[in-house]
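Numbering (the numbering used here), first residue to last: 89 to 663.
Ideal placement from N, C-alpha and C gives every residue a C-beta, glycine not left out.
Worksheet: one structure, shown below.
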DNA sequence: GCCGTTTTCGGCCCGACTGTTTTCAGTCG
């Protein structure tokens, strides 16, 4: 039983306790336990009680629950809670703007158990009749339902990657000689993915049976000799295709897409007297095979350089491949620093030194510790005094010579009027300031744009953090003139962030590409909230690659000295 | 449910915002 499953059961326990209206601190303890399990480096199910109780936040009860999950796969407590409510009720809780009290009321007073029940009730005007609710709440629920439908069946890149990787491991064990690889939107590094597309070459026909026998399969949608589809736990649809080795490259190309890229490629093939399909590239004249085993050969035969999957969106990559001007894309290993992370001083899970050591072990040469500022009260944000004291502690750790350099920074809130949450002299005393919006998302486009422009106008702001505030599959970006923001950041000599959190990836690929074209400096940051967060940089790097970024476009590919010198506070503003 | 203790109880990050209210409840972060 892995930590993710332990975390899931604890979180579900917390959610159900919340709907029941239990003691909020008990609920918090379970949520906290879920976080701990999800972030812990060792398998908690293997620890004994003493070992578990050494972990802060795990006491007598949680230790027992975790052991029970490790031994039996679930807890009696959790099973009892699940039995008290319809199993679909947690779907309601995950709607934006619907919390445990609302779910409890909906269930108790209207017998609402499913999203369909809820939608009917909202359409019938039955929600507004409830005490404490009105027409606006009803509209809010309908909007949340609509958003959920729009996002249904899609998954965050990181989640799709994890689910796909587990399935690939399982298949490789059963067909050691075969090549198994992920294709589709996952291979292209899209920020969200629909189906999990897998390709197997050189595999025995029995692999299809193994595939539908994967323990996490909930339903078999189709089962043939060369293609099968299943529904996997977590709401993923997974497709597996079996192809002959001589078609591997063609199949990879075909199933990686995008559709638009493929159409353009096939069009080009026709123009050259070829036919391109998932089995290979063939001459029209005599149907002779020109290429098929390797992707590179197919592109080559079409007069093109091999196109990295992240660029296959028909955004000029075919012309660039023909002209041999494709960029040398950034790799995650090019990143030498990470400029956005949190510690236990605010809402992080680990202290300064732990974060520094973990970053060093992740291969980084320098980091900036950027805890939240005071207006983010729920995160225990820093006021000026604490920010300065925290900076002293960060610099003290830096002075220890851990083999990684530390910058003392802050993630300073941009207040609704565009002023910053900390006084200028405080910001000036730090090494780096990331400024971000965390509140009042409902401002009008012009108001929001003016707000962020005003913040960028503050000379102490070095980096604009997660510039559009989007939460993938959950919340749209707030309305803002991104182009004006990018230009303002460039004029100010500041930098703009690609936040690597799987649910943010903000800037997105399109806007990051715009920043590149405007030659606005970009940083790729993890926004880590624990020592395990540095792995997220690969998702930020995926966005960067989709934006055609080269190492030189990104400030934190530079050495520590060069990076520091490139910060706005150490540059003369362009006159 | 966890924790720390002046140690077996009492405190536990809380402010902003919204929509419902007429003094506040629920949600979010």
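Residue i - DSSP class collapsed to helix/strand/coil
i	result
residue 365	strand
residue 190	helix
residue 622	helix
residue 315	strand
residue 650	helix
residue 529	coil
residue 273	helix
residue 594	strand
residue 299	helix
residue 130	coil
residue 120	helix
residue 324	strand
residue 103	helix
residue 349	helix
residue 239	helix
residue 370	strand
residue 278	coil
residue 535	helix
residue 216	coil
residue 549	coil
residue 259	helix
residue 540	helix
residue 268	strand
residue 392	coil
residue 379	strand
residue 336	helix
residue 206	helix
residue 616	strand
residue 63	This structure leaves residue 63 out entirely; the chain is present only between 89 and 663.
residue 150	helix
residue 508	strand
residue 637	coil
Local Cβ density within 10 Å of residue i, reported as buried at 16 or more and exposed below that
i	result
residue 113	exposed
residue 106	buried
residue 628	buried
residue 186	buried
residue 309	exposed
residue 655	buried
residue 318	buried
residue 149	exposed
residue 524	buried
residue 330	buried
residue 351	exposed
residue 662	Interpretation of residue 662 is limited by its pLDDT of 49, a score under 50 that renders its predicted location unreliable; the figure taken from the coordinates is listed afterwards. With fewer than 16 other Cβ atoms within 10 Å, it is exposed.
residue 182	exposed
residue 129	exposed
residue 172	exposed
residue 598	exposed
residue 311	exposed
residue 411	exposed
residue 358	exposed
residue 664	Residue 664 lies beyond the stretch modelled for the chain, which goes from 89 to 663, so this question has no answer here.
residue 429	buried
Whole-Å CB distance - residue i paired with residue j, under 8 Å assumed
i	j	result
residue 69	residue 443	The question about residue 69 has no answer, for the chain in this structure spans 89 to 663.
residue 434	residue 470	7 Å
residue 453	residue 406	Actually they are not in contact, since the Cβ atoms of residue 453 and residue 406 sit about 37 Å apart, beyond 8 Å.
residue 512	residue 503	Contact doesn't hold; Cβ gap of about 14 Å is too wide.
residue 616	residue 624	7 Å
residue 86	residue 520	Look at the range of the chain in this structure, 89 to 663, and you will see that residue 86 is not part of it.
residue 313	residue 296	7 Å
residue 501	residue 526	5 Å
residue 180	residue 191	5 Å
residue 360	residue 353	That belief does not hold up - the Cβ atoms of residue 360 and residue 353 are roughly 11 Å apart, past 8 Å.
residue 322	residue 251	6 Å
Bridge partners - residue i, DSSP secondary structure assignment
i	result
residue 329	287, 315
residue 559	563
residue 310	317
residue 588	DSSP output for residue 588 lists no bridge partner at all.
residue 499	460, 522
residue 163	Per DSSP, none; premise fails for residue 163.
residue 611	585
residue 642	610
(Q) Suppose only complete runs of 3+ residues qualify. What are the beta strand (DSSP E) ranges in the region 419-475, listed by chain order? (A) 454-460
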